[in-house]
Amino acid sequence: MGFWGVEVKPEKPHPYHSDNVEGKLHVTQATLGLGSSTEKSILQCSIGDRNPIFLCSLLPNKNESCSLNLEFDEDDLVAFSVIGPRSIHLSGYFEADGGGHLR
Amino acid sequence: MGFWGVEVKPEKPHPYHSDNVEGKLHVTQATLGLGSSTEKSILQCSIGDRNPIFLCSLLPNKNESCSLNLEFDEDDLVAFSVIGPRSIHLSGYFEADGGGHLR
Amino acid sequence: MGFWGVEVKPEKPHPYHSDNVEGKLHVTQATLGLGSSTEKSILQCSIGDRNPIFLCSLLPNKNESCSLNLEFDEDDLVAFSVIGPRSIHLSGYFEADGGGHLR
Amino acid sequence: MGFWGVEVKPEKPHPYHSDNVEGKLHVTQATLGLGSSTEKSILQCSIGDRNPIFLCSLLPNKNESCSLNLEFDEDDLVAFSVIGPRSIHLSGYFEADGGGHLR
Amino acid sequence: MGFWGVEVKPEKPHPYHSDNVEGKLHVTQATLGLGSSTEKSILQCSIGDRNPIFLCSLLPNKNESCSLNLEFDEDDLVAFSVIGPRSIHLSGYFEADGGGHLR
């Protein structure tokens, strides 16, 4: 359990269900990756064939980090992707199933 | 359960009770949608006929994302709406009723 | 239960204990109200005759929203007030007494 | 229980253990106090004779508020202090000992 | 238990497992250290030989503090490090193992 992190690169959607871990994922932080472009990069989340939802918008040299508070279950079929020129690093942590928070 | 997201468009209030899901909704993030206007967009929440309450104010090219921490019950009759030119994406997650957090 | 919100107007302190609701109040967000003044507005909280404590400082066109994480009990005798020209919208949610979080 | 707040003034460290309250303290918000200086003010926390740790850095007219999420136990011997010209207001809440969160 | 803090210095990775404490660590805040450089400093977290993940990016005189919400278990073999010229202060708190949150 414990720490979780991925780098989501432009034009490379990152499907969550490929992680093969048990338990609930808490995604709590997004940070802009390296690069020289000053265009903003937007993190979005897609579920099946529904329209993607924007999760945050990171502005180089202004706001390069953003707190999130999202929970994903093992069977959520979602994918993270980036609109914009720079990658976005996501971090968070796993919580065990079945009352792991309590015993 | 798991991830929840909607795009609230200007002049199109989004009633929460139309989602037909069971359990408690946590709304945790608001992000400005695409567009070229540099005017700010404000997210507000209305309950019945009371005055709407502003939940956040998003400023293009300055602060385009905002963390929230709001809980809505199944029987809350609220509606989200936007004052301003651009849509606002809301995201969060559902938590099961009846101790789902504990077992 | 569920959503809670008030608009605190300049020179009109809002006593919390007048709300007549049962349970614990979580105040989680403050957002600047409408207006043309570019002076900052500060939200403060007073308890009895002690000096008020500033909870956040909102800057027009720079930072118009602020996440909070405050809990108030039914018998807390506090009042919210604003220093500055524009009102501040507060939002949050109620949590039931007696283990409502757990059953 | 409920709301907690102090104003930490420059050159006047505020020892936490002087508060004489029972239970766990959650410090959740820091806000810059009044003043005309535009120099930044940094909040720091000292434990015994270890080097102080910076908790946040507040910038006048840019970022005057900061969310925190810190917990202190009754027997933590810490002191808050400010580096810079203006005071910093801290706020948060107390949580009862012994499962107060659960019963 | 209670408060935790470290200063992570440039070119001096800080391994978490050297802390020799029991229980879960919550890292909740990052703040830029002193210095005159106006270059940004990025906090990253490494696990084993995987690519490091950026946790936040701090910009002098713009955004010098950042809220985090990360959990680390006793057996997480991670290291924090800084890319950039200035140190980053991390703070948070420990939570006891085995239901310490509940009894």
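Residue numbers (our numbering), protein chains in the order written: chain A, 6 to 108; chain B, 6 to 108; chain C, 6 to 108; chain D, 6 to 108; chain E, 6 to 108. Virtual Cβ for every residue (Gly too), placed ideally from N, Cα, C.
Residue i bridges to which residues according to DSSP?
{"i": "D:Lys3", "result": "Because chain D is modelled from 6 through 108, residue 3 of chain D falls outside the range shown and cannot be assessed."}
{"i": "D:Glu100", "result": "D:Lys29"}
{"i": "E:Ser46", "result": "E:Leu63"}
{"i": "E:Asn68", "result": "E:Leu64"}
{"i": "A:Ser86", "result": "A:Gln49"}
{"i": "C:Gly7", "result": "C:Phe99"}
{"i": "D:Leu75", "result": "D:Val32"}
{"i": "C:Leu39", "result": "DSSP lists no partner for C:Leu39."}
At a CB-CB cut-off below 9 Å, which residues of chain A make contact with residue i?
{"i": "E:Leu60", "result": "Gly10, Gln34, Thr36, Ser70, His94, Ser96"}
With a CB to CB cut of under 8 Å and the five nearest residues on each side skipped, what residues in its chain are close to residue i?
{"i": "C:Pro18", "result": "Ser51, Ala84, Phe85, Ser86"}
Roughly how many angstroms lie between the CA atoms of residue i and residue j, to the nearest whole one?
{"i": "B:Pro1", "j": "D:Gln49", "result": "The requested residue 1 of chain B does not occur in the structure, where chain B is confined to residues 6 to 108."}
{"i": "A:Gly53", "j": "E:Glu12", "result": "43 Å"}
{"i": "E:Arg55", "j": "A:Gly40", "result": "20 Å"}
{"i": "B:Ile47", "j": "B:Ser62", "result": "4 Å"}
{"i": "B:Gly7", "j": "A:Pro15", "result": "25 Å"}
{"i": "C:His106", "j": "C:Asp78", "result": "Note on C:His106: pLDDT 42, under 50, position unreliable in the model; no value is reported."}
{"i": "E:Lys67", "j": "D:Lys67", "result": "7 Å"}
{"i": "C:Leu95", "j": "D:Ser42", "result": "28 Å"}
{"i": "B:Pro57", "j": "C:Phe59", "result": "25 Å"}
{"i": "A:Asp80", "j": "C:Leu82", "result": "46 Å"}
{"i": "A:Glu44", "j": "E:Glu44", "result": "19 Å"}
What residues of chain D sit near residue i, judged by a beta carbon separation below 8 Å?
{"i": "C:Asn56", "result": "Glu12"}
If I measure Cβ to Cβ from residue i and keep anything under 7 Å in the same chain, skipping five residues before and after, which residues do I get?
{"i": "B:Leu37", "result": "Ser46, Leu63, Pro65, Glu69, Arg91, Ile93"}
{"i": "B:Pro20", "result": "Ala84"}
{"i": "B:Gly10", "result": "His94, Leu95, Ser96"}
{"i": "B:Ser23", "result": "Legend: pLDDT at B:Ser23 = 49, less than 50; position of this residue unreliable, no value from coordinates given."}
Which residues in chain D have a C-beta closer than 9 Å to the C-beta of residue i? List them in chain order.
{"i": "E:Lys67", "result": "Leu64, Lys67, Asn68"}
Name the chain E residues that come within less than 7 Å of residue i, Cβ to Cβ?
{"i": "A:Gly110", "result": "Shown here, chain A extends from 6 to 108; a query on residue 110 of chain A therefore has no answer."}
Considering only residues of the same chain and omitting the five flanking positions on each side of residue i, which have a CB-CB separation below 6 Å?
{"i": "C:Ile88", "result": "Ile47"}
What does residue i touch in chain E if you count any residue whose Cβ is under 8 Å from its own?
{"i": "D:Leu39", "result": "Going along chain E, no residue has its Cβ under 8 Å from D:Leu39, so there is no contact; the nearest lies around 20 Å."}
Can residue i be considered in contact with the ligand NAP, in the sense that its beta carbon sits closer than 7 Å to one or more heavy atoms?
{"i": "C:Glu44", "result": "For the structure depicted, the ligand NAP is absent and the ligand set is empty, with no information on it obtainable."}
Checking contacts by CB at 8 Å: is residue i closer than that to chain G?
{"i": "A:Lys45", "result": "The chain inventory of the structure shown lacks chain G, comprising the protein chains A, B, C, D and E."}
Quick check: the region 62-77 of chain D against the region 31-41 of chain D, are there 3 or more CB pairs under 8 Å?
yes
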